[in-house]
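Trainee: Going by this note's numbering, the first residue of the sequence shown is number 1, and it counts up by one from there. Beta carbons: idealized from backbone N, C-alpha and C, even for Gly. It should be emphasised that the depicted structure is a prediction, and the values quoted were computed from it without experimental measurement. Got a structure for you, questions after.
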Amino acid sequence: MNYYSTSKSGKIYTLKEAVLQGLPEDNGLFMPEFIPVIDNNIINDLKNLSFTEIAKIVSHALLKNDIPGNKINEIVEKAINFPAPIVEIDSDTSVLELFHGPTLAFKDFGARFMAELMSYLVKDNNKKLTILVATSGDTGGAVANGFLNKEGVDVIILYPSGKVSKIQEQQLTTCGSNIIALEIDGTFDDCQRLVKSAFLDTDLQDEYFLSSANSINISRLIPQTFYYFEAFKQIQHKNRPVIFSVPSGNFGNLTAGVLAKKMGLPVAKFIAAVNSNNVFTKYLETGIYQPQTSVRTLSNAMDVGAPSNFARLMDIYNNDLSLVKNDIISYSFTDAETTAEINRIFDEKHYILDPHGAIATLGCKKHQQNQSDALYIALETAHPAKFQEEMEHILPGKVSLPDALAALSTKESSSVKLSASFDDLKNWMLS
């Protein structure tokens, strides 16, 4: 399958070019020339398929003309070897737990798949691949884990100083080897801007073979579609309309859900559940997209004031606001509401949400006032222990630290501090 840029430059790219280049030269985002539709008989039979089998079916639909079938299967088997279970909160609402991977966050799906795919695509390259990635929290740790010690690949992770949790910072600064962490004096939007600027800089392009592991990379979206199919499979027998509530920041997760719907998954609606960084909510209300400086919240991975994947969503819907609103509704919630929701779910349901999952269940609760016949699935994108300090204030003594996270405290942390100036990043990379 070929790929084009959302900026509509007219140039066509191969899968290898789209994945390894990361961004088109015109600063758009890569999109497939068409979205394949999965046979409805397969959709109806999802209940009889394993998660791995579902992932293979979706991967073959998207990649079969670019990668041999046995290699696609091998990539899936190496990358997607952990579950995505549904946990029922009540008769109308379930939580999709996406934190059963090695770094306990949904980013493991995309990062591990991308690492295996890129390793296959660069196997014959003479020049080492350098991955540049900006993180607002979980992406950095997942990418570091996925690419750690991968031959022919170096990873440079940019994260905003003081704006990720302690555990998140430990996950991306304690790897060593081929992983380098840059602590940027700014926001996630600054980190994202620096990464995009690096891709457009000719001096860096001459010096490095650059690619990105953010959700701006099309290969991140492919595996994120898998768990929408897997979630639907688990509630398919209930024969009710399905609504996904997606905690949204950079909107890669929501975009993957929309791709799954376009591939044939019968989703009635998506809820773009956001925190106080509510650019998208305002867009749906007013029709005006106005990026803003991000503000810090309890759900830090969603602290994005200029979501990159907005361009992909607009491309999918031909920049037609009415088409967007047919499929997506958006609600914004404060930290106070998030805290109250974590306490409510714990008291009433004996289940512990992280701040991002709480935003998602708040979205379910609000939309249930409009559509009570649906089944709601809230995406729980990270283990609550990844936000230990915040959770200790909300539910003192209730969240225990898994062994994988507890072990981080014994590892040596290393990062390079830089300003939010692109010149500083460029000079550091060239030196």
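Rank E390, N326 and A61 by C-alpha distance to the C-alpha of P355 and give the top, closest one.
Mentor: Looking at the Cα atoms, E390 is the closest of the given residues.
Trainee: For the alpha helix (DSSP H) that A181 lies in, which residues bound it at each end?
Mentor: No alpha helix (DSSP H) holds A181; the beta strand (DSSP E) holding it covers I179 to D185.
Trainee: Would you verify that the beta carbon of N40 is, or is not, closer than 9 Å to some beta carbon of chain C?
Mentor: Although the question refers to chain C, the structure presented lacks it and comprises just one protein chain.
Trainee: Measuring straight from C-alpha to C-alpha, what distance separates D20 and T187?
Mentor: According to the sequence shown, residue 20 is Leu rather than Asp. Their backbone Cα atoms lie some 26 Å apart in a straight line.
Trainee: So, using beta-carbon positions, are F422 and R240 closer together than 9 Å?
Mentor: It is not a contact, given that the beta carbons lie outside the stated cut-off.
Trainee: Pop quiz: V242 and A374 are said to be a contact at Cβ under 8 Å. What is the actual Cβ separation, rounded to whole angstroms?
Mentor: 7 Å between Cβ atoms; contact.
Trainee: Distance, Cα to Cα, F51 vs M314?
Mentor: Whole-angstrom Cα-Cα distance: 30 Å.
Trainee: Could you tell me the distance, in whole angstroms, from the CA atom of L23 to the CA atom of M429?
Mentor: L23 and M429: Cα-Cα distance of roughly 19 Å.
Trainee: I need the straight-line Cα distance from G264 to F244, nearest angstrom please.
Mentor: If you take the alpha carbons of G264 and F244, they lie about 15 Å apart.
Trainee: For the alpha helix (DSSP H) that A301 lies in, which residues bound it at each end?
Mentor: Here A301 belongs to no alpha helix (DSSP H), and DSSP marks it neither H nor E.
Trainee: Quick one: grab the DSSP three-state call for L104.
Mentor: Correct three-state label for L104: coil.
Trainee: Am I right that F331 and I271 are in contact with their C-beta atoms under 8 Å? What's the rounded C-beta distance?
Mentor: The residue you asked about is not Phe; residue 331 is Tyr in the sequence shown. Indeed they touch by this definition, with Cβ atoms about 7 Å apart.
Trainee: How do the segment 284 to 293 and the segment 355 to 368 stand: do at least 3 beta-carbon pairs fall below 8 Å, yes or no?
Mentor: Cβ pair count under 8 Å is below three, so no.
Trainee: Grouping DSSP H, G and I as helix and E and B as strand, with all else coil, what is I235?
Mentor: Of the three classes helix, strand and coil, the one that applies to I235 here is helix, per DSSP.
Trainee: Using 9 Å as the threshold, is the C-beta distance between V143 and K196 below it?
Mentor: Taking 9 Å as the Cβ cut-off, V143 and K196 do not qualify as a contacting pair.
Trainee: Quick one: any contact between the segment 37 to 57 and the segment 203 to 213, if contact means 3 or more CB pairs under 8 Å?
Mentor: The segment 37 to 57, when compared against the segment 203 to 213, does not touch it at the 8 Å Cβ threshold.
Trainee: Does the pairing of the segment 91 to 111 with the segment 126 to 145 give three or more beta-carbon distances under 8 Å?
Mentor: Segments in contact, yes.
Trainee: Among residues of its own chain, excluding the 5 on either side of I156, which ones have a beta-carbon nearer than 6 Å to its beta-carbon?
Mentor: Within the same chain, I156 has close Cβ partners L132 and I180.
Trainee: Whole angstroms is fine: what's the gap from D201's alpha carbon to N427's?
Mentor: Cα to Cα, D201 sits roughly 12 Å from N427.
Trainee: For Y351, which residues does DSSP report across the bridge?
Mentor: Its beta-bridge partners do not exist; DSSP assigns none.
Trainee: Quick check on DSSP: helix, strand or coil for L405?
Mentor: Of the three classes helix, strand and coil, the one that applies to L405 here is helix, per DSSP.
Trainee: Just how far apart, CA to CA, sit K269 and A301?
Mentor: Roughly 23 Å between the two C-alpha positions.
Trainee: Report the rounded CA-to-CA distance for L221 versus Y227, giving the unit in angstroms.
Mentor: So the alpha carbons of these two residues sit roughly 11 Å apart.
Trainee: Any chance you could list the beta strand (DSSP E) runs of at least 3 consecutive residues sitting entirely within the segment 37 to 124, in chain order?
Mentor: You should have 86 to 88 and 93 to 97.
Trainee: Might you give, ordered along the chain, the residues of its own chain that have their beta carbon closer than 7 Å to the beta carbon of E88, omitting 5 neighbours on each side?
Mentor: Cβ neighbours of E88 beyond the five flanking positions: S94.
Trainee: Can you name, in chain order, every residue of its own chain whose Cβ lies under 8 Å from the Cβ of K238, other than the five neighbours on each side?
Mentor: L375, listed in sequence order.
Trainee: Counting along the chain, where does the alpha helix (DSSP H) carrying M429 start and finish?
Mentor: Segment F422 to L430, the alpha helix (DSSP H) holding M429.
Trainee: How big is the Cα-Cα spacing for T6 and L121?
Mentor: Computed Cα separation, rounded: 23 Å.
Trainee: Run through the DSSP bridge pairs and tell me what V399 is partnered with.
Mentor: In the DSSP output, where bridge partners are listed per residue, V399 has none listed.
Trainee: Determine the direct distance from the alpha carbon of E392 to that of A336, and round the result to whole angstroms.
Mentor: Their Cα atoms are separated by approximately 15 Å.
Trainee: Count the other CB atoms within 10 Å of the CB of N178; is the residue buried (16 or more) or exposed (fewer)?
Mentor: Its Cβ being crowded by 16 or more others within 10 Å, N178 is buried.
Trainee: Using the Cα positions of N2 and A260, report the straight-line distance between them to the nearest angstrom.
Mentor: For N2 and A260, the distance between alpha carbons rounds to 19 Å.
Trainee: Grab me the residues of A55's own chain with a C-beta within less than 6 Å of its C-beta, minus the 5 sequence neighbours each way, in chain order.
Mentor: The residues are V76, I80 and F226.
Trainee: How would you write the range of the alpha helix (DSSP H) that Y208 sits in, first residue to last?
Mentor: Y208 -> no alpha helix (DSSP H), and no H or E assigned at all.
Trainee: Please state whether the Cβ-Cβ distance between Q290 and N277 is less than 9 Å.
Mentor: Not in contact: Q290 and N277 (Cβ atoms no closer than 9 Å).
Trainee: Hey, out of D45, K166, R112 and I218, whose CA is closest to A18's CA?
Mentor: Checking every option, the nearest Cα to that of A18 belongs to I218.
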